[in-house]
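Note that the UniProt record's numbering has the sequence shown beginning at 1, numbered continuously upward. The structure under discussion appears below in the form of structure tokens.
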Amino acid sequence: MPKEKTTRKTKPRTEKRKKDPNAPKRGLSAYMFFANENRERVREENPGIAFGPLGRKLGEIWKSMDETDRKPYEEKAVADKKRYEEQKASYLANEDEEESS
């Protein structure tokens, strides 16, 4: 017995907002600080490793680290988040000034 075709209402696509190139970049996570710092070392230890397996290897190393090893990266992430919040506040304040002008 063949399946009957069902019609489904489709929602009109909403247009994605374009990202402002002048907006501040978001803060990096502790893992991203770790990955950026250790990517080259892992690549040297595993020559010819592709992008996907490299990311998995970094993830395995990150998961195996204890709290004391992660602490410097988490401190960097907190500082970077604070930097982002400050830049975002000043960016939004400047944007509001331009709109009211």
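The beta carbon of each residue, even a glycine, is placed where N, CA and C say it ideally should be.
- Taking C-beta separations shorter than 8 Å and ignoring five residues to either side along the sequence, the partners of Y91 in its chain run N22, A23, P24, following chain order.
- Contact check for L28 against V42 fails: the beta carbons are separated by 9 Å or more.
- Taking C-beta atoms under 8 Å as the contact rule, A30 and R70 qualify, at a distance of about 6 Å.
- If you look at N36, you'll find it in the alpha helix (DSSP H) that goes 30-45.
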